[in-house]
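Each protein sequence line maps, in turn, to chains X and L. So in my numbering, spot 115 of the first sequence is number 120, and the numbers just go up one at a time. So in my numbering, spot 179 of the second sequence is number 184, and the numbers just go up one at a time. Note that beta-carbon positions come from the ideal geometry of N, C-alpha and C, so glycine has one too. Report on the structure given below.
Number of protein chains: 2
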Amino acid sequence: MQRAMQAFQDFVDQLDEATTAAELQQAIARVLNELQLPVFAYVGDAPVNDASAPLIVATYPAGWAARYYEQAYHRFDAVLASATARLLPFDWGSKDYLAQLDPVPRQIFHEAGEFGIKRGFTVPIHEGHGKVATLNVASDEAFRSFSKNIAENRHLLHLIGVYTHAHVRHRFHGIAIPDAPRLSPREHECLQWAARGKSSYDISEILGISQRTVVFHIENAKAKFKVRTLQQAIVEAVLSHTIGR
Amino acid sequence: MQRAMQAFQDFVDQLDEATTAAELQQAIARVLNELQLPVFAYVGDAPVNDASAPLIVATYPAGWAARYYEQAYHRFDAVLASATARLLPFDWGSKDYLAQLDPVPRQIFHEAGEFGIKRGFTVPIHEGHGKVATLNVASDEAFRSFSKNIAENRHLLHLIGVYTHAHVRHRFHGIAIPDAPRLSPREHECLQWAARGKSSYDISEILGISQRTVVFHIENAKAKFKVRTLQQAIVEAVLSHTIGR
DNA sequence: TGTCAGCCTGTAGAGTTTTACAGGGGGGGA
DNA sequence: TCCCCCCCTGTAAAACTCTACAGGCTGACA
Chain X
6 MQRAMQAFQD
16 FVDQLDEATT
26 AAELQQAIAR
36 VLNELQLPVF
46 AYVGDAPVND
56 ASAPLIVATY
66 PAGWAARYYE
76 QAYHRFDAVL
86 ASATARLLPF
96 DWGSKDYLAQ
106 LDPVPRQIFH
116 EAGEFGIKRG
126 FTVPIHEGHG
136 KVATLNVASD
146 EAFRSFSKNI
156 AENRHLLHLI
166 GVYTHAHVRH
176 RFHGIAIPDA
186 PRLSPREHEC
196 LQWAARGKSS
206 YDISEILGIS
216 QRTVVFHIEN
226 AKAKFKVRTL
236 QQAIVEAVLS
246 HTIGR
Chain L
6 MQRAMQAFQD
16 FVDQLDEATT
26 AAELQQAIAR
36 VLNELQLPVF
46 AYVGDAPVND
56 ASAPLIVATY
66 PAGWAARYYE
76 QAYHRFDAVL
86 ASATARLLPF
96 DWGSKDYLAQ
106 LDPVPRQIFH
116 EAGEFGIKRG
126 FTVPIHEGHG
136 KVATLNVASD
146 EAFRSFSKNI
156 AENRHLLHLI
166 GVYTHAHVRH
176 RFHGIAIPDA
186 PRLSPREHEC
196 LQWAARGKSS
206 YDISEILGIS
216 QRTVVFHIEN
226 AKAKFKVRTL
236 QQAIVEAVLS
246 HTIGR
């Protein structure tokens, strides 16, 4: 335990210095080796749909990784689905876990097994805008020894995942997140109601102002987001948490 | 250190049994007392706009909490803004921190200071759909002792925050997250382009199909999301990560 | 006192979405 | 084989948004 904590501290220090994917991989590999967990995959931004390719740093078998991407398995990957839905790290690959799967995801597990990925542990890392990264450690070992190892180092792995991701975001993507424009109260109200399915006439009734004024406020909101259509404005507003459902 | 880890383990156990806000508060208070950090506030879902009230469990001075909500300070709270932008826990209240603030947030800090909240440490907890919860610990102490304490227990506090939130979500909100409807490839494409500001005619050109067909697919997508307007469908699709920017 | 930002309103034509009607073809599972 | 889902298309009226024109009120701040 003490030794593990020391390894973690070293890891945090190494992270600060890692500027390339290779160095990142080395840092992760070192700390996970210390924990007897050589097989891992950090998936920077789990691909939700057709978005840009994620940053991946892994010691997963190359054959499996290739197959996964060829087949676009992320669309059906049960581990990824769990990571999206959960906040805490979780285990996968047990009989119970497999039993509750749909046929397609179960088939994927089967294939992964042929590459030596039979059970594992995944840390979901939730970012602001609904993106989810994961740190996965996997094993071909007998259930006992692997799960005992995981049980002992659960929290540490959690931290490793979160710190890795924070570092990646900082170093590789820049801190970015341009701040959302400040909408005036009226602009906010109008956009919010529009997103809830009201027409500009409806909104004018709700707010007790003319329809023209509603249109005016929505136009201003679009201008602030620098977009052309209401639809785009709504996307931006939702992504920046300016409006809710 | 060893003792702190023990306190954390006990905390996780207690969490499992906590079913009321009072029990939750007790569990958090116990572990934080062990760490010499009696003043804390867990803010369940940081209020982004006019959304429903968050779950708050805190030992912050009642006067300050009241003032904060009366004045709707969350709209200008620099700590909250940082929590939204960051993934890792951070300190606040140092001279440097204050120096870089805008006048309004700085004024808020001033007022908080009058209630004994001068420096602190905040754990941001990002959930799937852009919601952010925070665990804040605060102090009136001299800078040295507090920041030394924080430095030592940084990771532990991080875990306490994340576990608290996971428990709250599980117990108080239910696991919820109804799964998003499965859009057909065409529906997905059409909705995605619509969200990017294309008209149905534009989309028909892009996809090489008739405009009528684009409308047809978007209608089907709306039906699947059980909404009436394209705007609502886009909100749902964005929130469920079905489409991106 | 002037300027700026936010709020408010009107008209009118062009362009777009929405809705309801009506129809056909292909593939996969029960 | 039948049924269902997905894909595709057309017309036309009604509803709605978008854009560009033009104008007035208020409060904060220098």
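Can residue i and residue j be called in contact, C-beta distance under 9 Å?
i	j	result
V137 (chain X)	G125 (chain X)	no
A88 (chain X)	T25 (chain X)	no
H172 (chain X)	A67 (chain X)	no
L188 (chain X)	W198 (chain X)	no
H4 (chain X)	A226 (chain X)	It is not possible to answer for residue 4 (chain X), since the shown part of chain X is limited to 6 through 250.
P94 (chain X)	T127 (chain X)	yes
W69 (chain L)	F120 (chain L)	yes
F230 (chain X)	G49 (chain X)	no
V36 (chain X)	I155 (chain X)	no
A86 (chain X)	P110 (chain X)	yes
V44 (chain L)	I122 (chain L)	yes
Y168 (chain L)	L20 (chain L)	yes
Y73 (chain L)	D82 (chain L)	yes
I239 (chain L)	Q236 (chain X)	yes
A71 (chain L)	I61 (chain L)	no
H79 (chain L)	E132 (chain L)	no
A32 (chain L)	F16 (chain L)	yes
C195 (chain L)	V232 (chain L)	no
L92 (chain X)	I248 (chain L)	no
Indicate the three-state DSSP secondary structure (helix, strand or coil) for residue i in the structure shown.
i	result
T169 (chain X)	helix
G118 (chain X)	helix
S144 (chain X)	strand
I130 (chain L)	strand
R2 (chain X)	Within the shown structure, residues of chain X are numbered from 6 to 250, placing residue 2 (chain X) beyond reach of any answer.
T1 (chain L)	Only positions 6 to 250 of chain L appear in the structure, and residue 1 (chain L) is not among them; the question remains open.
V232 (chain X)	coil
P201 (chain X)	Per the sequence shown, residue 201 (chain X) should be read as Arg rather than Pro. Three-state result, R201 (chain X): coil.
I180 (chain X)	Because I180 (chain X) carries a pLDDT of 45, less than 50, the predicted location of this residue cannot be relied on, and no value is offered for it.
A23 (chain X)	coil
E157 (chain X)	helix
E241 (chain L)	helix
Length-filtered (4 minimum) alpha helix (DSSP H) runs lying within the stretch 33-110 of chain L: 67-75, 83-90, 100-104
Taking only beta carbons into account, state which residues of the stretch 165-179 of chain L come closer than 8 Å to chain X, listed in chain order. V167, Y168, H170, A171, R174
Would the stretch 197-207 of chain X count as touching the stretch 203-214 of chain L if we require 3 or more Cβ pairs under 8 Å? no
Contact the stretch 8-15 of chain L vs the stretch 228-244 of chain X: 3+ CB pairs below 8 Å: no
Do the stretch 27-47 of chain X and the stretch 160-170 of chain X make contact, defined as three or more Cβ pairs closer than 8 Å? yes
Relative to chain L, which residues along the stretch 72-96 of chain X have a C-beta separation below 7 Å, given in chain order? T89, A90, L92, L93
Can you give me, in chain order, the residues of the stretch 195-207 of chain L that have a beta carbon less than 9 Å from any beta carbon in chain X? Q197, A199, A200, R201, G202, K203, S204
What residues in the stretch 211-240 of chain X bring their beta carbon closer than 8 Å to a beta carbon of chain L? V232, R233, T234, L235, Q236, Q237, I239, V240
Mind checking the stretch 34-52 of chain L against chain X and listing, in chain order, the residues whose C-beta falls within less than 7 Å of any C-beta there? none
Which residues, taken in chain order from the stretch 98-132 of chain X, show a beta carbon closer than 7 Å to some beta carbon of chain L? H131, E132
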